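In my numbering, the protein residues as written are 110 to 252.
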């Protein structure tokens with residue numbers, strides 16, 4: 110009897126965990142798509158994505174320093190000439206119901222002013238859900 114109860118409990122827990130994975134997988138794909146849209150916007154020198162998809166307190170951290178949302182929005186139109194980019198090696202962590210962390214490697218061929226952008230950077234991005242929408246709260250990259 111005890112083993113039947115234990116087995117039933119394990120089965121229920123396993124089913125509950127298995128049931129939550131597709132939800133996390135779907136959210137992961139949604140966040141990756143959203144982040145990729147941001148890269149596409151940057152590559153086209155179009156600040157619209159950053160206006161619409163970042164929090165008011167958004168911060169970007171890179172080897173160039175720390176930038177606010179306003180600074181990023183202002184800089185994107187003249188920022189860089191991007192020939193290509195690709196994103197890989199994604200890792201997704203749900204921090205809670207309203208916050209996630211996405212990490213990945215970005216490969217880019219870009220010139221920013223007279224400087225060549227690092228060809229490979231490690232990226233960490235924090236998204237938060239506000240009023241039913243996922244918005245980027247923090248972006249950090251390191252060569």
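Backbone N, C-alpha and C fix where the C-beta goes; we use that ideal spot for every residue, glycine too.
Model, not experiment: these values are computed from the prediction.
Rounded separation between residue i and residue j - CA only
i           : j           : result
residue 136 : residue 232 : 18 Å
residue 229 : residue 174 : 18 Å
residue 239 : residue 133 : 18 Å
residue 201 : residue 222 : 32 Å
residue 185 : residue 146 : 14 Å
residue 226 : residue 164 : 25 Å
residue 241 : residue 204 : 16 Å
residue 218 : residue 166 : 29 Å
residue 252 : residue 156 : 23 Å
residue 224 : residue 211 : 27 Å
residue 187 : residue 154 : 7 Å
Residue i vs residue j beta-carbon contact at 7 Å
i           : j           : result
residue 235 : residue 247 : yes
residue 152 : residue 181 : no
residue 158 : residue 169 : no
residue 215 : residue 244 : no
residue 250 : residue 193 : no
Coarse secondary structure for residue i, derived from DSSP in three states
i           : result
residue 165 : strand
residue 235 : strand
residue 190 : strand
residue 147 : helix
residue 228 : coil
residue 173 : coil
residue 131 : Caution applies to residue 131, whose pLDDT of 48 falls short of 50 and renders its modelled position unreliable; the model cannot decide the point.
Contact belief for residue i with residue j at Cβ below 8 Å, rounded distance in angstroms
i           : j           : result
residue 209 : residue 140 : 6 Å
Contacting residues, own chain, Cβ-Cβ under 6 Å from residue i (five flanking each side not counted)
i           : result
residue 160 : 182
residue 176 : 169
residue 130 : Residue confidence is low: residue 130 scores 47 on pLDDT, short of 50, so the model does not pin down where it sits. Its coordinate-derived value is still stated next. Excluding positions up to five away in sequence, the list is empty.
residue 178 : 163, 167
Own chain, CB closer than 7 Å to residue i, minus 5 neighbours either side, in chain order
i           : result
residue 142 : none
residue 162 : 143, 147, 244, 245
residue 198 : 213, 214
residue 189 : 219, 220, 221, 226
residue 207 : 237, 238
Proximity test, Cβ basis, 7 Å: residue i and chain D
i           : result
residue 250 : Absence of chain D from the displayed structure is noted, only one protein chain being present.
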